[in-house]
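One structure below.
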Amino acid sequence: MLVYTIKELCRTCYTCVRECPAKAIRIVGGQAEVIDERCIVCGNCTKVCSQGAKVFLNTTDRVLKLLDNKTETAAIIAPSFPAEFQELSDYRQLIGMIKALGFKHVLEVSFGADLVADRYKKLVEESKDYYISSDCPAIVNYIKHYHTNLVDNLAPIVSPMVAMSRVVHARYGNDIKIVFIGPCVAKKAESTEIDEAITFSELRELFDLYKITSENSQPADFDQPAGGRGAIFPVTRGLLQTANINDDAITGNIIAAEGRIDFQGALKEFEAGLIKNQHMELLACEGCIMGPGLSKNGKQYNRRALVSSYANKKMKGLDSVIWQKAFDEYSDLDLSIRHRSEDRRPEVIDESGLDEVLASMGKFTKKDQLDCGACGYETCIEHAIAIRKGLAEVEMCLPFTIEKLHKSVQELALSNEKLSSMKQALKQSEKLAHMGQLSAGIAHELNNPLGVVMMYSNILLDESPAD
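Counting in the numbering used here, the sequence shown runs from 638 upward without gaps.
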């Protein structure tokens, strides 16, 4: 399982339910669980969980094992690295630090992006069909699992990561081990052509473990082949800019959508036939620069500016002759892939049979269905369906729970009032009972003349002086 919950940290806020595009979160006993077979590994839940209860599998131990075996190993770095390592003044410092870990080669995935972008340009210009970009593994997973009839619309082109791995094997042989380093959790399960994949945050852990810094490591440059325009790939419309594809709003035929809400909306419209004669570039995150494998709390536009600045400097210093020679060398490399559907769509529940579930949440009429979204589902109907499927609980309905609690408080206040009245009545009864006992005693004595005479005789006897 690549994404899971630390139950001790889960605080029942349902943020992960709301933010999961695949609704791969189940609530049991108030605790959120990731449903592994439904998860698309976008990692969005790990970004939005304020308590750190959602985490992804750490695979640094596997990377260390590769390095300890003294096997020739290459690290391929995603072009979003300037967004993460902002404290380094020169990218060569980062390369030196990575090599200090034991990697023999360090290469840019941006060269793979250059190759992939060229294939996309040809696809857009030559094909009569309309495609969805397949460079984001979370998007590919989502379509393969939940929009299976769109699988044939996925571009038959590998991601820049896989493209770069094929370049590395072509250059250094099939025995070399490859480790991808980037911002994406889904890369950990994308392809068997990569031996291991870790995130930028995991790379920082390795630096900390071995106390590697820019001060105690030797700066180095990327190994060849070096990337070009692919350096801009991780930002919004980066694929289009890398490929120099016309994305003009008037004359272009490309729609770009990023982030959970937008990519889902775009897919629904594409599937419904509302988007015609348009290709789509989709990203599960707001660009790769906002992936779950980067440090927390980074600012999107600051990161974008850093990547753009790096790409600008890179293009100014790029030896175009050397780059073109490398590009031509690998231009015939097989970068094709065949996507196959893996249908994981949930069963369809008849909405007409949900009255009992809705009633259990105090929703007896359409007006009672507030669709507030506090439970993590967009509508009360969706929540009821999730309850029927065993994915959600009645208590997740905040308005119902608040109303129920309010009634309980009112009932408790009424009970306290009744209890107070009863206590007062009991005290009064005890007082009356005591007075009744005293009256009964006096009446008994008065009704016994001999007893009265004896009582006064004893009093007089006690008061008389002794002889």
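Built from N, CA and C at the ideal position, the CB exists for glycine as well.
Within the continuous beta strand (DSSP E) that includes residue i, where are the two ends?
i	result
Gly819	814-819
Val665	662-665
Val671	668-671
So what's residue i in DSSP terms, helix, strand or just coil?
i	result
Gln878	helix
Arg982	coil
Ile776	helix
Ile677	coil
His1020	helix
Phe1001	coil
Ile892	strand
Ala826	helix
Ile1039	helix
Ile869	helix
Ile769	strand
Pro856	coil
Cys647	coil
Ala1011	coil
Per the DSSP calculation, residue i is bridged to which residue(s)?
i	result
Val700	In the DSSP output, where bridge partners are listed per residue, Val700 has none listed.
Ser973	Ile794
Ile714	Glu745, Ile818
Thr642	Lys691
His916	Ile891
Glu833	Val816
Could you tell me if residue i is buried or exposed, where buried requires 16 or more neighbouring beta carbons within 10 angstroms of its beta carbon?
i	result
Ala800	buried
Phe1037	buried
Gly864	buried
Glu833	buried
Val753	buried
Leu931	buried
State the start and end residues of the unbroken alpha helix (DSSP H) segment that holds residue i.
i	result
Glu842	837-846
Thr652	652-656
Met734	728-737
Arg897	897-908
Phe964	957-966
Ala948	937-954
I'd like to know whether the C-beta of residue i is nearer than 8 Å to at least one C-beta of chain C.
i	result
Asp772	Note that chain C does not occur in the displayed structure, where there is just one protein chain.
- Between the segment 797-813 and the segment 740-755, do at least 3 Cβ pairs fall closer than 8 Å? yes
- Message: So, does the segment 817-826 touch the segment 902-913, judging by three or more C-beta pairs under 8 Å?
- Response: no
- Query: Should the segment 882-902 be called in touch with the segment 991-1001, which here means at least 3 C-beta pairs below 8 Å?
  - Reply: No, the segment 882-902 does not touch the segment 991-1001.
- Below 8 Å, can you find three or more Cβ-Cβ pairs linking the segment 641-655 to the segment 680-691? yes
- Query: Should the segment 912-928 be called in touch with the segment 807-823, which here means at least 3 C-beta pairs below 8 Å?
  - Reply: yes
- Message: Closer than 8 Å is the cut-off here; do at least three beta carbon pairs connect the segment 660-679 with the segment 697-712?
- Response: no
- Message: Under 8 Å, with one C-beta from each stretch per pair, do the segment 873-885 and the segment 728-743 reach the 3-pair mark?
- Response: no
- Query: Are at least three pairs of beta-carbons, each pair with one atom in the segment 1024-1039 and one in the segment 1002-1012, less than 8 Å apart?
  - Reply: yes
- Query: With a cut-off of 8 Å, do at least 3 Cβ pairs link the segment 851-868 to the segment 928-939?
  - Reply: Contact between the segment 851-868 and the segment 928-939 is absent: fewer than three C-beta pairs spanning the two stretches fall below 8 Å.
- Task: Spell out a yes or no on whether the segment 804-818 and the segment 710-727 are touching, meaning 3 or more CB-CB pairs, one atom from each, closer than 8 Å.
- Result: yes
- Query: Between the segment 962-981 and the segment 1012-1025, do at least 3 Cβ pairs fall closer than 8 Å?
  - Reply: Contact between the segment 962-981 and the segment 1012-1025 is absent, because fewer than three Cβ pairs lie under 8 Å.
- Query: Okay, do the segment 799-813 and the segment 776-789 touch, 3+ Cβ pairs below 8 Å being the bar?
  - Reply: no
- Is the segment 839-853 touching the segment 890-898, taking contact as three or more C-beta pairs under 8 Å? no
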